[in-house]
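Input: a single structure, listed below in structure tokens.
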Amino acid sequence: MPFNFMRVIIKKITEYQGVIMDTLLTLGLNLVSLSLTIISTVVFIQNSYSQKMSRYFTACQILIINWIVCHIFDIFTTNLSVKIILSNIGYLSVCSIGAMFLTFALHYVKADITNSKIFKVIIFLPSAALFFLKITDPIFHLFFKSYQSNEVIGGNGFYITVAYNYLLLIISVCLMVGKNIKSFKENFPQILLISLSAIIPITFNLISLLDVFSISYDFTPVSFSITSLLIFLAVYKYEFITIPPLTVKYLMSSINEGIIVTNQKHKITYINDAVKKAFNLDDSILHKDCITAFMRIAEITNSDISKFSDLLNKNSGSLDVSVSENKYFEISKMPVCNEKRIVSEIFVFYDVSTYYMLNKKLSEKNQELTKANTQLAKMNVIEKRLAVEKEQSRIAQELHDSIGHSLVSIMTLLKLSQIDKSSSDENIAKALQASELLLSDVRNCVSGIKTNSQSSVTQGIKNFIQNYNSGNNNIKFTAIGSEKECHRFAADIILSVVREAITNSVRHGKANKIEVIIKFSENCIRLYIIDNGIGCDKIIADYGLNGMKEKIESIAGNIDFSSFTGGGFSVKAYIPLEVNQLD
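Position 196 (the sequence shown) corresponds to 201 in my numbering; numbering is contiguous.
In structure tokens form, the structure reads like this:
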């Protein structure tokens, strides 16, 4: 018994082995076709720049997907009613696929007829009529001669549907090939793929209809999925899917720069909102020649259209246009190439208004700077004149300081030589020495050379007093504190003040006793000059007093003069060290 049971099972498996293999093969092919169709549809939608073309190609793919899905479900059912329902749903795709492919092809070649609403109705009327024959077949039997769960025999409606679809498919392929036939060598891969897209389904269908091979399953939906895949490859690699629109649309709409994209024939395929707003354009220029848009831009910007034509004829380049006094654009052209040729061109409109406005402001600033330079040149002339006048004033002051006291000293010595004959030779010798010093002072004054710069303050005063004294020893000098290197910056000025003060005491004050006291400390120098001259109630600042004041103030010090009638004349000066050590 067990052996007989096993023989029966093996016999049944052998009988159904062919059916199982056919079913698995049919299912596998349909699933592969379904997967490829879905993947190509998704990629197409993500990458196509033409919304209309994308819409119709996607519709073709959906029809094929519907056809394959119904075919898959039909494999797993034996119920005749369910098979009829699945057949009706599937034949909705079968009856419409040819018309949908033709619509797609007409958009591919950019035929003007696609804009006609009447055409869109007319092209699908035969499909609707054929589908009506299919769904009413159980009543009128015009579509199939016989429709059983295990046998389907086509009728007049079936063969008309097949012939109609393949006629539209052949017309579609001819239109698409015809678009590329002018450049046969360059477009050969595309032509080959499109041609195969028609040859393959027709061949498979003829094999099925003529029963060339003993095949129990229908390859037609699989062959149509191959057709759509070949067309997808043709247009994806060689024609209009050069820039992903869903990604680019968001990107282009979010940037400030204007963008116009054209295909290899200079037809506008994309324009973003920035260009529309800047140049008052709209979607009506899509699929038109790029020069149409540039003509409008040239009108708005009052530009020479030949500049735009030159830009179109170049592989790359740029030009500047002005929309208004404060609005400027630079139009830059960039080619998009595959391995062999240019497949698209991008025109980028950069807003360079800021650059032009800054350049304009810079030009205005340059003009202002030129005026300022002119004024500066005039000021330089004035400064030079003031410098000359200042130098003249300096020489006058130096001459007053040096010559005045020297002449007084010489005159005094000469008078003494007349009065005291015994010391006349000595006084004349001193007068001669004073004359030589006077000549040296005059030369130094004119040349601006300081002979005692940074010399000892104390020694300079001692030398002067020694030369000035007329033998009466009427000038007394006292130094308090220790003179250091830090005190010597003021040597020339202190000596000049001492010299001027002594000269004034002798010449104007008639003094015969003068005391000079200088006090050195860590942070300042103090100078006192006191005489016993006739004095005065009111001090009138003359050339000499003003000169002393200016010199002391030049080193951040201050000086005071005091006197009264019969009480002599005194000079007190204060010179800080801290400020001057910063120099």
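Glycine is no exception: its CB is placed at the ideal position from the N, C-alpha and C atoms.
It should be emphasised that the depicted structure is a prediction, and the values quoted were computed from it without experimental measurement.
Relative to the C-alpha of residue i, which residue among the options is closest?
| i | options | result |
| --- | --- | --- |
| I522 | Q380, G514, R531 and N364 | R531 |
| G95 | N71, L85 and V114 | N71 |
| T166 | F148, V502, N320 and L286 | F148 |
| N331 | E350, T306, M339 and V114 | T306 |
| R60 | I264, F106, S440 and S559 | F106 |
| A506 | E304, Y548, Y164 and G486 | Y548 |
| T119 | T108, I127 and F129 | T108 |
| N113 | I80, C179, I77 and I102 | It is Tyr, not Asn, that sits at residue 113 in the sequence shown. Looking at the Cα atoms, C179 is the closest of the given residues. |
| K115 | C529, G160, K270 and I158 | K270 |
| K437 | D425, Y473 and K467 | The sequence shown places Leu at residue 437, not Lys. Comparing Cα-Cα distances from L437 to each of D425, Y473 and K467, the minimum goes to Y473. |
| S440 | F163, F129, F145 and L412 | L412 |
| T662 | I470, I43 and Q153 | Any answer about residue 662 is impossible in this case: the structure gives the chain only from 6 up to 588. |
| Q471 | C529, K435 and N320 | K435 |
| T573 | N509, K524, A561 and C529 | What sits at residue 573 in the sequence shown is Gly, not Thr. Closest option to G573, Cα to Cα, is N509. |
| L41 | I69, M58 and F469 | I69 |
Quick check: the Cα distance between residue i and residue j, rounded to an integer number of angstroms?
| i | j | result |
| --- | --- | --- |
| A578 | L550 | 12 Å |
| I175 | E262 | 44 Å |
| L391 | K383 | 12 Å |
| S575 | K554 | 14 Å |
| P581 | S422 | 43 Å |
| E490 | K365 | 59 Å |
| I498 | A377 | 39 Å |
| T359 | F352 | 20 Å |
| L500 | E431 | 26 Å |
| V280 | F334 | 11 Å |
| G465 | E558 | 21 Å |
| I89 | Q66 | 23 Å |
| E373 | L381 | 12 Å |
| L201 | I231 | 9 Å |
| S314 | E304 | 14 Å |
| G486 | E527 | 10 Å |
| S45 | M181 | 19 Å |
| Y361 | N371 | 15 Å |
| N468 | N517 | 19 Å |
| L130 | K319 | 47 Å |
| D356 | L36 | 52 Å |
| P250 | K338 | Bear in mind that a pLDDT of 48 at P250, under 50, signals an unreliable position, so the model cannot answer this. |
| L286 | I205 | 45 Å |
| E552 | T375 | In the sequence under discussion, the amino acid at residue 552 is Gly, which differs from the Glu named in the question. Distance between the alpha carbons of G552 and T375: 41 Å. |
| I347 | T63 | 27 Å |
| I248 | I144 | Low confidence applies here, because I248 scores a pLDDT of 44, under 50, leaving its location unreliable; read the following figure in that light. Distance between the alpha carbons of I248 and I144: 51 Å. |
Looking only at its chain, what residues have a beta carbon closer than 6 Å to the beta carbon of residue i, apart from the 5 residues adjacent to it on each side?
| i | result |
| --- | --- |
| T463 | A484 and E488 |
| D565 | K577 |
| L324 | K312, L316 and I336 |
| L91 | C75, F78 and D79 |
| V326 | T306, S308 and F334 |
| S86 | none |
| I454 | For I454, the predicted model reports a pLDDT of 49, less than 50, meaning its position is unreliable; a value from the coordinates is still stated below. Cβ within range, chain order: n/a, list empty. |
Tell me whether the beta-carbon of residue i lies closer than 8 Å to the beta-carbon of residue j.
| i | j | result |
| --- | --- | --- |
| C295 | L317 | yes |
| G514 | I539 | yes |
| S132 | A110 | no |
| A298 | I290 | yes |
| S460 | R504 | no |
| S349 | N277 | no |
| I273 | I265 | yes |
| I102 | N161 | no |
| K420 | V502 | no |
| S599 | P340 | This structure cannot speak to residue 599, because the chain is shown only from 6 to 588. |
Under 7 Å Cβ to Cβ from residue i, same chain only, skipping five residues before and after it: list those, please.
| i | result |
| --- | --- |
| A134 | none |
| F569 | G540 and D542 |
| S567 | S575 |
| E583 | N528 |
| I158 | F149, K150 and S151 |
| P7 | Note that P7 scores 48 on pLDDT, short of 50, meaning its location in the model is unreliable; the coordinates nonetheless yield the value given after this. Cβ within range, chain order: n/a, list empty. |
Checking contacts by CB at 8 Å: is residue i closer than that to chain C?
| i | result |
| --- | --- |
| S398 | Among the chains of the structure shown, chain C does not appear; only one protein chain is present. |
Identify, in the order they occur along the chain, each residue of the same chain with its Cβ nearer than 8 Å to the Cβ of residue i, setting aside the five sequence neighbours on each side.
| i | result |
| --- | --- |
| G571 | I539 and G540 |
| F124 | I118 |
| F163 | F148 and F149 |
| D172 | Just to set this straight, residue 172 is Leu in the shown sequence, not Asp. Cβ within range, chain order: G103. |
My assumption, with CB atoms under 8 Å, is that residue i sits in contact with residue j. Please give the rounded CB distance.
| i | j | result |
| --- | --- | --- |
| I519 | N563 | Contact flag wrong, Cβ pair sits at about 22 Å. |
| K139 | C75 | With a Cβ gap of about 13 Å, K139 and C75 do not count as contacting. |
| L97 | I73 | About 13 Å separates the two Cβ atoms, so there is no contact after all. |
| A283 | F354 | 7 Å |
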